[in-house]
Amino acid sequence: MRACFAACLALLPLAAPAWEPDGLEVDLELVLAVDVSRSMSPDELETQRRGYAAALTSDEVVAAITSGMIGRVALSYVEWAGAAAQRSVVDWTLIEGAEDAARFAARIGERTAPGMRRTSISGALFHAAESFEDNGFHGLRRVIDISGDGPNNQGGPVAAARDAVVAEGITINGLPLMTPEDELAIWDIADLDIYYEDCVVGGPGAFVVPVRGWAAFPEAVTRKLVLEIAGPPARLWQAEAPGAPRVDCLVGEKTWDRYRRTWGDP
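Numbered by mature numbering (1 follows the signal peptide of the UniProt record, and there is no 0), the letters in the sequence shown go through residues -18 to -1, 1 to 248 in order.
Structure below.
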């Protein structure tokens, strides 16, 4: 029997190697996709940059990062406007604590480029989703955090883009900027938060945090980042369950077309 056991054992294949992830394991891969369309004034663009930098270095966000299962996240910061107008400000970076967060925040503050034309949320979503590929990290979750002060008006329907990105296992959260005091308020819609809920965000635990004035921006970004890094509570600020949109997901395209037919391209 012993001889048989030894002989049979010799015929067994070697144990399979332990599974290893494709890239460094992190709790979260997070793209910060920030609207820099021309509806944003230079002061508003600077307020955004300072707000993200302050949030990333806050005690609350650093604590959320270090308290995760693995204790580190991967971040990238991208500015976007039209369908082909995206620029990487800070490429994928490992954040393991306060020092890493401070360096990332400082790099955001170095960028002072002007805004760009049009608003393509769909283009920003596809660009962000593609950036996850071969980024050197393997996250337990992948999230796109997208901010914007108006609806999509270029680059294909946003709801279709949302669905395609979510199908890749990516969650999309929204930060609608409901600050209609700017001089290009013609492109604003009063229910931008509902537009984001019904047409932009999606995936497990997707949620929206509206910003109803620039003074509230840093606090809103901090709260949103903590929720994204730690994972949102079951019902806190979450988008409605999928169903018929309460707003027209093509409202931006229609507004742009009416303006163009009346006044020409702005």
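By construction, the Cβ of each residue, glycine as well, lies at the ideal position given by its N, Cα and C atoms. Because the structure is a prediction, the values reported are computed rather than measured.
Can you name, in chain order, every residue of its own chain whose Cβ lies under 7 Å from the Cβ of residue i, other than the five neighbours on each side?
i    : result
G195 : T161
P200 : G33, A36, A37
E150 : A111
T204 : A37, S40, E42, V43
A141 : C181, C231
G213 : G187
Given residue i, which residues of its chain have a CB within under 8 Å of its CB, disregarding the five upstream and five downstream residues?
i    : result
V229 : I171, D173, I176, Y177, D180, C181
A63  : D17, V18, S19, R20, G97, M98, R99, R100, T101, S102
N117 : G5, E11, A56, S58, W74
On the DSSP letters alone, give me the boundaries of the beta strand (DSSP E) that residue i sits inside.
i    : result
F119 : 119 to 130
L6   : 6 to 17
Y178 : Looking at the DSSP string, Y178 is not in any beta strand (DSSP E), and its letter there is neither H nor E.
R228 : Looking at the DSSP string, R228 is not in any beta strand (DSSP E), and its letter there is neither H nor E.
D73  : 68 to 77
I154 : 153 to 158
In angstroms with no decimal places, state the Cα-to-Cα distance between residue i and residue j.
i           : j    : result
V233        : P139 : 10 Å
E61         : L14  : 8 Å
Y34         : G130 : 14 Å
R124        : E115 : 11 Å
residue 249 : M98  : This structure gives no information on residue 249, because the portion of the chain shown stretches from -18 to 248.
V191        : F119 : 27 Å
P227        : E210 : 24 Å
N134        : C231 : 8 Å
I77         : G137 : 32 Å
E7          : A198 : 34 Å
A88         : R31  : 10 Å
A188        : E92  : 31 Å
I126        : T75  : 15 Å
A46         : M22  : 30 Å
L207        : I152 : 16 Å
N155        : G5   : 24 Å
G132        : V183 : 14 Å
R217        : I90  : Note on R217: pLDDT 46, under 50, position unreliable in the model; the coordinate value appears next. C-alpha separation (whole angstroms): 32 Å.
P158        : S113 : 22 Å
Would you kindly report the start and end of the unbroken alpha helix (DSSP H) that includes residue i?
i           : result
G105        : 103 to 113
A83         : 80 to 91
Q30         : 24 to 38
P133        : No alpha helix (DSSP H) contains P133, which DSSP labels as neither H nor E.
residue 249 : Not covered by the structure: residue 249. The range shown for the chain is -18 to 248.
E42         : 41 to 48
A63         : No alpha helix (DSSP H) contains A63, which DSSP labels as neither H nor E.
R144        : 140 to 148
Buried or exposed: where does residue i fall if 16 or more other Cβ atoms within 10 Å of its Cβ makes it buried?
i    : result
E11  : buried
G185 : buried
G121 : buried
D9   : buried
A65  : buried
A56  : buried
Sorted by chain position, which residues of the same chain lie with C-beta nearer than 6 Å to residue i's C-beta, five sequence neighbours on each side aside?
i    : result
V44  : A80, A83
A202 : V191, V193
Return yes when at least one heavy atom of the ligand MN lies under 7 Å from the C-beta of residue i, else no.
i   : result
G33 : Absence of the ligand MN from the depicted structure is noted, as is the absence of any ligand whatsoever, leaving it without description.
Within the chosen definition, does the segment 145 to 154 reach the segment 72 to 89 through at least 3 CB pairs nearer than 8 Å?
-> no
State whether the segment 24 to 32 contacts the segment 100 to 118, with contact taken as three or more CB pairs (one from each stretch) at a distance under 8 Å.
-> no
With contact counted as at least three CB pairs below 8 Å, one residue from each stretch, are the segment 34 to 45 and the segment 66 to 74 in contact?
-> no
Please confirm if the segment 42 to 53 is in contact with the segment 15 to 23, defined as three or more CB-CB distances below 8 Å between the two stretches.
-> no
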